[in-house]
Amino acid sequence: MTSPFIYEEPVASDDLVGRAAELASLRDRTADARNSRLEGPRRFGKTSLLRTLLADAERDGAVPVEVNFLGCVTTADVAQRIERAYSRQLDGPLRRWFDGLVRTLQPTVSAAPGGVGVRARPQAGAPGLLDRLALPRRIHERTGRQCVIAFDEFQEVLRIDPALPGVFRSELETHGAAAAYVFSGSHPGMMRELFADRRHAFFAQASPVELGPLPPDALADHLAARFAQGRRDPGEALGPLLDAAEGHPQRAMLLAHHLYQQTPAGGTADVETWTRALALARREVDGEVTVVWDSCTGLERRVLRTIAHRTVALASRDAADRFGLAKSGSTPIAVERLVGDGHLMRDESSRSGWRLVDPFLAAWLRGEE
Ligand SMILES: Nc1ncnc2c1ncn2[C@@H]1O[C@H](COP(=O)(O)OP(=O)(O)O)[C@@H](O)[C@H]1O
Ligand SMILES: [Mg+2]
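The opening residue of the sequence shown carries number -10 in this note's numbering; numbering runs sequentially from there.
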């Protein structure tokens, strides 16, 4: 039997560990047609939680729509992504109505003057986009139902054109009871820029729901139960697994998957099983760790190594002696960049006040075998 642990795609609500409080808070807000933003590093379960929320909202009578903006590079892409999300996710009479309606909307791209190929409309003004953003209003007028809309990887919208969030705002502001929005993104820096900045007042009103690491007791319960369902016992590997995962949801599932695969049916994992599982998991993450490392400047690398060591403060003699991190005004700037990109998060129990988001990167930086 293959492992029941999913680590490469969002998980269904049955597999969701913890997050009850976060889900309840999102549900309360959406039920009142208030907007939220879901914050958390990559692979902390944002998309999984959004899908659970949307499934619950549908059961309560709302119309759920999930739009993922990852990969969009033009305003036309954004408009098309929204349109496609509706046509995939609406069903029954609403879908038939939508199929007709969509043909009356402004095109998302206009033909180039010579008729050769297509050309994106001027970025921010795109009327095709406004038409598509207005869809919840049309649905509400027609059915009286509220839409719950998840805009996932929303930082992409800001990346395309700094004026584009303004286009969203101008339409979304008018939705009142017709829709509740959850904005989610995996670039903490860009999300903060948009949602904490008073110049973007509309977005600043979307209250934050933050996803932190998963608590070890909830993880332990989940892993033990799933192993038991497959007639296996994580045995003495459970403790080291929880330590190695540091509450990182995807890393925990990746480790659990390999441990499960290494444990025979009817058997109990031991230290050797754990060693093999850890090596396999690390091998899988190798390429990713290298990509992060390659993308960092020399200063950022010294900052990461210092923080990974947990017991060294950033502006200390030790940091200078051991990791070449001289005391300098550039260090906080490097830290800020790494936080903005989702590589670092606050940790008051560490000497630097920070920790690496990815425990695998941290272990590699500490030179752990
Ligand atoms: N609450 C959770 N319980 C169990 N696994 C989780 C949880 N959150 C995330 N994961 C794991 O992380 C992986 C990525 O989840 P995903 O929802 O795609 O994260 P994000 O959207 O934040 O990048 C999943 O495949 C799963 O292994
Ligand atoms: Mg996601």
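For glycine and all other residues, C-beta sits at the position ideal for the given N, C-alpha and C.
For residue i: DSSP bridge partner residues
i, result
"T257", "D222"
"S319", "S319 pairs with nothing; no bridge assigned."
"I138", "V54 and Y170"
"E28", "G174 and E199"
"V326", "Rather than Val, the amino acid found at residue 326 in this sequence is Arg. According to DSSP, R326 bridges with nothing at all."
"L345", "L333"
beta-carbon residue i near ligand 2 non-hydrogen atom, thresh 7 Å
i, result
"T36", "yes"
"D275", "no"
"D141", "yes"
Ligand 1 heavy atom lying under 7 Å from the CB of residue i
i, result
"I(-5)", "yes"
"Q250", "no"
"F377", "Within the shown structure, residues of the chain are numbered from -10 to 358, placing residue 377 beyond reach of any answer."
"L90", "no"
"S2", "no"
"A(-2)", "First, the residue type needs correcting, since residue -2 is Glu and not Ala in the sequence shown. Checking every heavy atom of ligand 1 against the Cβ of E(-2), one is found closer than 7 Å."
"Q144", "no"
"G7", "yes"
"S175", "yes"
"G29", "yes"
"M180", "no"
"P238", "yes"
"M242", "yes"
"L203", "yes"
Cβ pair residue i, residue j closer than 8 Å
i, j, result
"L230", "L248", "yes"
"L119", "T64", "no"
"G224", "D259", "yes"
"C61", "I138", "no"
"Q135", "A167", "yes"
"F87", "D141", "no"
"G34", "P204", "no"
"V328", "V292", "no"
"H176", "Q144", "yes"
"G373", "E199", "In the structure as shown, the chain begins at -10 and stops at 358. Residue 373 is therefore absent and cannot be evaluated."
"R42", "L12", "With the sequence shown as reference, residue 42 is identified as Leu, and Arg is not the correct amino acid for it. For L42 and L12, yes; Cβs fall inside 8 Å."
"P238", "R32", "yes"
"F191", "R158", "yes"
"S196", "R18", "yes"
"H332", "L314", "no"
"R294", "L227", "no"
"T252", "T262", "yes"
"R221", "H164", "no"
Delimiting residues of the alpha helix (DSSP H) encompassing residue i
i, result
"E(-2)", "No alpha helix (DSSP H) contains E(-2), which DSSP labels as neither H nor E."
"L12", "A9 to A20"
"L90", "G81 to L90"
"F143", "No alpha helix (DSSP H) holds F143; DSSP gives it neither H nor E."
"P154", "L153 to L161"
"F192", "A190 to A193"
"H246", "P238 to Q251"
"F312", "R306 to F312"
"D45", "K35 to R48"
Enclosing beta strand (DSSP E) for residue i [first to last residue]
i, result
"R355", "Neither: R355 is in no beta strand (DSSP E) and is coded neither H nor E."
Integer-rounded CB distance, given that residue j should sit under 8 Å from residue i
i, j, result
"V146", "L39", "Between L39 and V146 the Cβ distance is about 16 Å, and since that is not below 8 Å, they are no contact."
"L303", "S341", "5 Å"
"M180", "R26", "7 Å"
"E277", "R326", "Wrong, their Cβ atoms sit about 19 Å apart, outside the cutoff."
"V91", "E72", "6 Å"
"Q250", "S37", "Rounded, the Cβ-Cβ distance is 22 Å, inconsistent with contact."
"L122", "L161", "7 Å"
Cβ-heavy atom distance, residue i to ligand 3, below 7 Å
i, result
"P(-7)", "The model on display carries ligand 1 and ligand 2 but not ligand 3."
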